[in-house]
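Enquirer: Protein chains in written order, with my numbering: chain R, 1 to 689; chain Z, 1001 to 1433.
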Amino acid sequence: AYDFRITGNDAEDAELRFVTCQSLWSQIKAQTEQIQEDLNKQLLDNLLSFLSRSHSEFQEKTTEWTCRMKFREIPTAALVLGVNVTDHDLTFRGLSDVLQDNITPYIALLEAKDCPAIKNLMQKLMGQLMNCDIDVDLLEDEDGVQVSQSRVRCSMSSLVSWYESVTKKTDSETPSKKRNSSSRRWQSPPVVVIFKDMESFTTKVLQDFIVISSQHIHELPLVLIFGIATSPMIIHRLLPHSVSSLLCIELFQSLSCKEHLSTIIDKLLLTSQFPFKLGEKVLQVLINIFLYHDFSVQNFIKGFQLCIVEHFYSQPLSVLCCQPVDIKKRVCALSHHQCENIRRLPSFRRYVEKQESGKQIELLTNDSFLKEETEKLLDDLHVYHENYISILRCLHVFTSSLPKYPLGKQIRELHCACLENRVWETEEYESSLQLARMLNKTDLVTMLQQCVEILMSSSGKQFDKTVEKLKEFLTQFQSLEAEASQERDASVSSQKELQKKTDLYHLQKTLLELKESRKSKKLTKFEMLRFEVVDYIDSLVRKYLLPADDRPLHEIVYFNAAAVLRGHLNAAPRTALHTALNNPHWYLKNQALKCDGGSISNKAPDICIVYKLHLECGRLINLVDWLEAFSTVVMAAEEPNADAASSDQVDDIIHARFIRAVSELELLGFIKPSKQKTDHVARLTWGGC
Amino acid sequence: MPNLEHSAYSAADLLHLESLVPCRESQVSTLLSIFGERQQFSFPSIFIYGHTSSGKTYVMQTLLTTLQLPHVFVNCVEYFTSRLLLEEILIQLQRCSSDTEQTSPVHCDTLNDFVRLFKQAVVTRELQDQTLYIVLDRAEQLREMEANILPAFLRLQELTDRNVTVVLLSEIVWELFRPNIGCFEPFTMYFPDYSIGHLQKILSQNHPPEYSADFYAAYINILLGVFYMVCRDLKELRHLAALNFAKYCEPVVRGEANERDTRKLWKNIEPHLKKAMQTVYLREISSSQWERLQHDGGEPGQLKGLSAHTHVELPYYSKFLLIAAYLASYNPVRTDKRFFLKHHGKIRKTNFMKKHEKTSNHLLGPKPFPLDRLLAILYSIVDNRVAPTANIFSQITSLVTLQLLSMVGQNDQLDGPRYKCTVSLDFIRAVAR
C-alpha cells in the first residue's frame, strides 16, 4: 500500500510537471517567435518596399520615352540568407505571410527537388498559383471548376490568360462587394515566384524559366525572389550574361545567424523571466553544435526545448521549477517522498552540513520545516539570478572592450565562464582586470555610464547603493578633468627632455632614473580612482557572480545532463556501430559477453565475431581464410567433438551462419564484393592501408 | 540603297516596311522574292541564322505583320515539349482563321495528329489560297524533342499538301541541326551582325521627342565608343542608352552647356559610362538601383555589387571539411602520407605553400576523392579530436547542396560516395583565413 501511495504521488507530480513544462515551453516559443519576427522585420520591410516599387511602371502604364526604350527586366530580389538552410523555411513562411497580407495573393514557393525540369517547374508553379485563386474565391464555384480542369495546358500563355481572367474578375467586382484585403489595392498585383534554394536548381531550368517569363513580362507582372545560401555570386555562376541581363537584381541580406543567436541567448537565457536555466556544460554543447556544425538557430531552439522536456521528465523536483508566485503553493503540496528527494540532492546535503546541528536534525526529519527552508532557498535562488544577470551584463561591458578579449567578446562566453567555476579565480579574469586598470578615462566613463543604465533598468532594489557608488565615481572623474590635463602636460615635458639627449650613456642613465621614479612615483589621482573603480567592480563580481553549482537546490532549475543531450543531438553512428559490434556487452548487458581486451568470445553474436575478424584484415579480405578463422573461433567452445567435425570440412551450419553474418556486414556497409580478385571482398572502412 | 520592289505588294506597304527594318533591306528583299506572290507556293522551309539580336525575330515579325501575311509565330523555348508546341500552333491557327472566338481545346499528341488537324484547320479557312507561314523561333530546341519533329517540319508542305512554309530561326548554324539519317535541306539564310555604323543608325532612329535627332545621335556615338568593345547586343545597348541619357542631358538641363557643346557633354558622360560598364552592364547592380543613384546624384561606390559579397560564413567544421575537400581534390593521393602523417603545426604550413606553388594541378581541375580520404585529411588538419558524429556527415551533404562540393557518380552512394571540391583557390583562401 505504501508503495502504491508513493507511485501515486509521483504520478501526480508527473502530471503537474508535464503541465508546467508545457506552459513554460509555450511561453518560450511565443517569445522566440516574437524575437524572430522583430529580427526579420527590417528585411521584410525592405523586401516589401522593393516589391511594391517593382511593378509601379506596370501599374501606371507610362508612355514616357525612357520607359518605352528601356528593356523590361524582371524584377528580382536576391535574398542572401546564410548557410543555415534549416532556418530558411521559417523566414520564407514569414515572408509569404507578409506578402499575402500586403502585396499580392499570388505567391508560388518553388523548391529545387520538385523541379528537375522546366516542365515540372511550370506544373508546380501553375498548381500553386491557380489553387490559391480557388482558395481565395471559394464562393465562385463555377469559376473554380473551370480553372481546375484536369488538363490545363501547362504553358506560360495559359498562365497569362489565367492572370488576365483573375484580375479582370476582381476589376469587375469593384468596391460594391467589400473586400477587406489590402492586396486588392492595385488592379494587377504582381505574381511572386520564390526559389527557395537557388543553389540546387539546375542551370537549364532556371535559364529557360527566365527566358520564357521575360517574353511575357508585359502581360504578367512577375517578380522573382532567389533564396541564396552562399553568396550572390552564384547568380553569375548559374546564369550566363544573356540570361542575367533579363533580370533586374537587387540584393537583400538577412541578419547573420550569429547575431540572431546572440539575441536569442540574450532574451531567453539571460533573463529571470523564465525559471528554467541551462547548466554550463549543456549550454556549451548547444553552442558548440551551433558554431561547429550547423549555424542553425532553429536547431538551437529545438535543443533548448529538448533540455526543458528532459529536465521536467527526469527530475522529479522540477515541479518546483515554476514562476516565483507559484512556489509557495507547490512547496506546501510536496509529498513526503518528494521531501526525501530534496534531502537527497547533493547541493542540499552540502547546505545541511554547513548548518548547526540542531537545524540539521530539523531539516532532515521535519518535513514542514524543510518546506519552509526550501521556499526560502528558492527565493534566494531567484534573487541570485536577478543579481547575477545584471552584474554579468556590467562585467560584459568591461570585458567586451578590452583588447584581445581575454574573457570573450560575446556575453555568452562570459556567461559560460561564470557558470563553470568562480570566474575570479581564473587567469583570464586576472588578465582582464590588469587590462581594465589601463583603460583610458573616456572609455571608463562611458562604461560606468552603461553600467549605471543596466543596473537602473534591472528590477531588483538591491542595486540602489551600487548605482550611487558608481555615480559618485562618475562625478569624481568629472572633477578630475582639470588636474588630468595638467598631469598630461608634465608627462609630455619629461618625454621631451628624454628626446633631447642623444648621448647613449646619458640616455641609459635617464631611462634608469625614469624607471626608478615610475616605480616609486605616487600614483596620480586618476590612477588611484581607476584602481578604485576596478576594485569595486571586482568586489561586485565576487559577490554576485558565484557559480550556480554552489547554490543549494540549484538542481531544481538547472539542467546539467550534458551527456544525455549530446547523445541525442550529436549522435555518432559510426562509433555506436563499432561499439555494438566490438563490445556487444555494452548494449546487450549479457554477463557471458563480457570480454577482456582484444580476445574474441565465441558466445558473441556471429556478426560480432565476423566483424572482429575482419578488423584484422587488409583492404581485401579472402573469404576462405575468413571462414576458416570464423569456424575456429566458433568451434573453440565445442572442444570435445572438435576432431570429429572440423577435421577437414567445415560444418554446413557454421558455413551458413558465416554467410549470413557476412551479408549482414555487407548490408551495414562495412564490406562490398570486389571485382579485383575472386573470392575476396573489399573493406570499406579504415584500417586496411 | 536597294529599294524593295515586289509586284505583289503595294508600294506604300513596302516603303513602310523599309522604314521599319533599317539595315536589313537586302535580307528582306531576298525573303520577299522567295515568298513570291501570296497564292504562290513558296520554298517549303527556310532556315535563318545569325548572332543574338541580329534582328531575325524582329525582321520576320515585322515582315509578316506589315504585309498581312497569314502566319503563326511560336517560341520553341516556351513550348518545351512537342505536344505543347504542336497544340500552340493549332491554337494560333484557329485564332487567326476564325473571327468568332470559339477556341475549342485541341488535343494533339503526335505529329500524325498534327498533320490531320492542320489539314482540317486550313481547309476550313477562306485563306487557303495564300501561303501560310509557321515561324519557329529558337529552333535549336527542336533538336531536343522527338527525332521526327524537325524533319517533319522541314517538309511540312509535302506532308500536309497545303500551301505552307516553315521558317526556322536560330542562333546556330544548320550543320548542327542536320540529323544523322538526313532530311530535306531547307533554304538557309544568314543574318550578319550589325556593324558599328548600323548600330549607330538604328539606335539614333528612336530619339526622344524633347531633343533633336542630332543631339541624340551624338550621344549614341559616345555610347558606342565606350560600349562597342564589350557589347554588340542591340537590345542591351538600347537599354543602356535609355538608362544613361538623363545623365547626358544634365548639363543642358542645368543650362551649363547647349546641345551643340559636344566636348563638354562628352567630358560629363564618359566616366559615367565607364562606371556603367563595370556595374550595370555586368548586372552587378540593377538598373533601377542605377537610376536611383543617378537621381540622387550619389556615387556608385556606395552601392556594393553582387560580387562584392563573396564571403560565405561557414560553421567551424564545415570550413575544415571544405579545406580538406580542397586538399583532397588538388593533391595527388601519393602525397597524402608526406603531408599529413607527421604533423606538427609548422611543417604542415610549409607544405601548404608547396602545394600552391604547383599550378599544374589547378589547371587540371579538381579530382574526385572518396569519403574516407576526406575524413582522414579532416582528422589530420583539425587540431583537436573530431568525433565522427552524424552532424559531420550531414554537413558534408549540406556542402553538396550548397554546391561547394559535388557528388561524383550517383550510383554507389551507400558504399563509397566520391566527391569533388568545386570552389576556387581564392574562396578557400578566404575560408582558411
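Quick reminder that beta carbons are idealized off the backbone N, C-alpha and C, glycines included.
Specify the secondary structure class of T365 of chain R as computed by DSSP and reduced to three states.
Expert: Three-state DSSP puts T365 of chain R in a helix.
Enquirer: Mind the definition here: the region 301 to 310 of chain R touches the region 339 to 347 of chain R only if three or more C-beta pairs lie below 8 Å; say whether that holds.
Expert: Too few Cβ pairs lie closer than 8 Å, so no.
Enquirer: Run through DSSP, which three-state label would V1164 of chain Z get?
Expert: In this structure, V1164 of chain Z counts as strand in the three-state DSSP scheme.
Enquirer: Going along the chain, which unbroken runs of the beta strand (DSSP E) with 3 or more residues stay wholly within the region 600 to 675 of chain R?
Expert: List check, beta strand (DSSP E) in window: 620 to 622, 671 to 673.
Enquirer: Go to Q253 of chain R, then tell me how far its beta strand (DSSP E) extends in each direction, as first and last residue.
Expert: It spans 247 to 253 - the beta strand (DSSP E) in which Q253 of chain R sits, taken as one unbroken run.
Enquirer: When the Cα atoms are used, what is the spatial distance from V319 of chain R to V533 of chain R?
Expert: Distance between the alpha carbons of V319 of chain R and V533 of chain R: 42 Å.
Enquirer: Sort Z:C1096, Z:L1017, Z:A1139, Z:D1129 by Cα distance to L1168 of chain Z and report the nearest one.
Expert: If we check each option's Cα against that of L1168 of chain Z, Z:A1139 comes out closest.
Enquirer: Can you tell me where the alpha helix (DSSP H) with H568 of chain R in it begins and where it stops?
Expert: Residues 562 to 569.
Enquirer: To which residues of the same chain is S148 of chain R closer than 6 Å at the C-beta, ignoring the five residues directly before and after it?
Expert: For S148 of chain R, the pLDDT reaches just 41, beneath the cut-off of 50, and the residue's location in the model is therefore unreliable, although a value from the coordinates is still provided. Nothing meets the Cβ criterion.
Enquirer: Please report the distance separating the alpha-carbon of A1242 of chain Z from that of L1273 of chain Z.
Expert: Spanning the two alpha carbons is a distance of roughly 12 Å.
Enquirer: State the DSSP-derived secondary structure class of T446 of chain R, mapped to helix, strand or coil.
Expert: In this structure, T446 of chain R counts as helix in the three-state DSSP scheme.
Enquirer: Quick check: what's the CA-CA separation for P346 of chain R versus L370 of chain R?
Expert: C-alpha separation (whole angstroms): 15 Å.
Enquirer: Taking the C-alpha atoms as reference points, what is the distance between E142 of chain R and N131 of chain R?
Expert: Any answer about E142 of chain R is weak, because its pLDDT of 39 lies below 50 and its placement is not dependable; what the coordinates show is given next. Taking the straight line joining both Cα atoms gives about 14 Å.
Enquirer: Would you tell me roughly how many angstroms separate the C-alpha atoms of V701 of chain R and A636 of chain R, rounded to the nearest one?
Expert: Shown here, chain R extends from 1 to 689; a query on residue 701 of chain R therefore has no answer.
Enquirer: Within 10 angstroms of its Cβ, does Q36 of chain R collect 16 or more other Cβ (buried), or is it exposed?
Expert: Q36 of chain R is buried by the Cβ-count criterion.
Enquirer: Which residues does DSSP list as the beta-bridge partners of C1421 of chain Z?
Expert: DSSP lists Z:L1405 as partners of C1421 of chain Z.
Enquirer: Rounding to the nearest angstrom, what Cα-Cα distance links H1051 of chain Z and V1106 of chain Z in this structure?
Expert: So the two alpha carbons sit approximately 35 Å from each other.
Enquirer: Which of the three DSSP states, helix, strand or coil, is assigned to H1071 of chain Z?
Expert: H1071 of chain Z: strand per DSSP, three-state reduction.
Enquirer: Does the distance from the C-beta atom of L48 of chain R to that of N102 of chain R stay below 9 Å?
Expert: Yes, they are a contact pair.
Enquirer: CB V297 of chain R to CB S1398 of chain Z, shorter than 9 Å?
Expert: Taking 9 Å as the Cβ cut-off, V297 of chain R and S1398 of chain Z do not qualify as a contacting pair.
Enquirer: Any chance the CB of L1020 of chain Z is under 8 Å from a heavy atom of the ligand GDP?
Expert: With respect to the ligand GDP, the structure shown offers nothing to examine, as it has no ligands at all.
Enquirer: What residues from chain R crowd round Y1317 of chain Z, counting only those whose CB sits closer than 8 Å?
Expert: Within chain R, the residues near Y1317 of chain Z are Y292, H293.
Enquirer: With a 10 Å radius around its C-beta and 16 neighbouring C-beta atoms as the bar for buried, classify V1123 of chain Z as buried or exposed.
Expert: Burial call: exposed.
Enquirer: Go ahead and pull the three-state DSSP assignment for R153 of chain R.
Expert: Reduced to three states, the DSSP call for R153 of chain R is coil.
Enquirer: Among Z:Y1326, Z:S1045, Z:L1032, Z:Y1219, which one has its Cα closest to the Cα of G1365 of chain Z?
Expert: When only C-alpha atoms are compared, the closest one is Z:Y1326.
Enquirer: Report the three-state DSSP secondary structure of M1189 of chain Z (helix, strand or coil).
Expert: Strand.
Enquirer: Tell me, which residues are paired with G1255 of chain Z by DSSP?
Expert: BP columns for G1255 of chain Z are empty, so no partner.
Enquirer: Among the candidates R:K277, R:G618, R:K672, R:T76, whose CA atom is the shortest distance from the CA of L1306 of chain Z?
Expert: Per the Cα distances, R:T76.
Enquirer: Closer than 7 Å by C-beta to M1407 of chain Z: which residues in its own chain qualify, once you throw out the five before and the five after it? Chain order, please.
Expert: These residues qualify, in order along the chain: V1400, P1417, Y1419.
Enquirer: Grouping DSSP H, G and I as helix and E and B as strand, with all else coil, what is A1042 of chain Z?
Expert: Ala is not the amino acid found at residue 1042 of chain Z; the sequence shown has Ser there. S1042 of chain Z falls in the coil class under three-state DSSP.
Enquirer: Determine the DSSP secondary structure at P1368 of chain Z, reduced to helix, strand or coil.
Expert: Coil at P1368 of chain Z, not helix or strand.
Enquirer: Is the CB of L1064 of chain Z under 9 Å away from at least one CB in chain R?
Expert: For L1064 of chain Z, the answer is no, since every Cβ of chain R falls outside 9 Å of its Cβ.
Enquirer: Quick check on this structure: which residue in R:T32, R:I654, R:E280, R:I454 has the alpha carbon closest to the alpha carbon of E705 of chain R?
Expert: Outside the shown range of chain R (1 to 689) lies residue 705 of chain R, about which nothing can therefore be said.
Enquirer: Can you give the Cα-Cα distance for S1045 of chain Z and C1231 of chain Z, rounded to whole angstroms?
Expert: Going from the Cα of S1045 of chain Z to the Cα of C1231 of chain Z covers about 32 Å.
Enquirer: Along chain R, which residues have their Cβ under 8 Å away from the Cβ of N1331 of chain Z?
Expert: Within chain R, no residue comes near N1331 of chain Z; the closest Cβ sits about 16 Å away, beyond 8 Å.
Enquirer: Measuring alpha carbon to alpha carbon, tell me which residue in R:E664, R:S23, R:V650, R:E666 is nearest V309 of chain R.
Expert: Ranking the options by Cα distance to V309 of chain R, first place goes to R:S23.
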